[in-house]
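Colleague: My questions all concern the structure below.
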Amino acid sequence: PSEVLEKKEAIDALVNPEKAYKFLRDRMQSVTPPCMPYLGMYLTDLTFISDGNATMTPEGLVNLAKSKLIASVLGKVALYQQVRYNLNKAPVLQTHLDNPEVCSDQELYTLSLQREPRATS
């Protein structure tokens, strides 16, 4: 349905990595926890910080500026973990999580072939 497609497009626009996730960063500023942040954005930040900054200064000291940048990113993620979700238990889901169906590698392979048959040449 068009409603679902519109929602998907809105979410796609929100998590678009262009402009360093500008739209998502703006939205996250106004969110009241609890919230599940998009970790991909924060992992990207950490990667750029790690790759773009020396761990040690030319004098052989720890680069505190880099450490502060990393702490800032981790602090933002931790902010969203401070408020607990108030979720109701779903008995059917809880039963499934408590007693997961375990399949052998062969069973999983057979299921995989049923869902995505190998291309024949």
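If you count by the numbering used here, then the sequence shown holds residues 25 to 145, one letter each, in order.
A virtual CB, placed ideally from N, CA and C, is assigned to each residue, including glycine.
Does the region 55 to 66 come close enough to the region 104 to 118 that 3 or more CB-CB pairs lie under 8 Å?
Modeller: yes
Colleague: Is the number of C-beta pairs between the region 28 to 35 and the region 72 to 83 that are closer than 8 Å three or more?
Modeller: no
Colleague: Give the straight-line distance between the Cα atoms of Thr22 and Leu132, rounded to the nearest whole angstrom.
Modeller: The chain is shown only over 25 to 145; residue 22 falls outside these bounds and no answer can be derived.
Colleague: Indicate whether the contact test is met: 3 or more Cβ pairs, each with one atom in the region 35 to 48 and one in the region 62 to 74, closer than 8 Å.
Modeller: yes
Colleague: If you count every other CB in all the chains shown that lies within 10 Å of the CB of Tyr109, and 16 or more means buried, which is it?
Modeller: exposed
Colleague: Contact defined as beta carbons within less than 8 Å: I believe Val97 pairs with Tyr66. What is the distance between those atoms, to the nearest angstrom?
Modeller: 6 Å
Colleague: What residue does the alpha helix (DSSP H) around Tyr133 start on, and which one ends it?
Modeller: First-last of the alpha helix (DSSP H) with Tyr133: Asp129 to Arg139.
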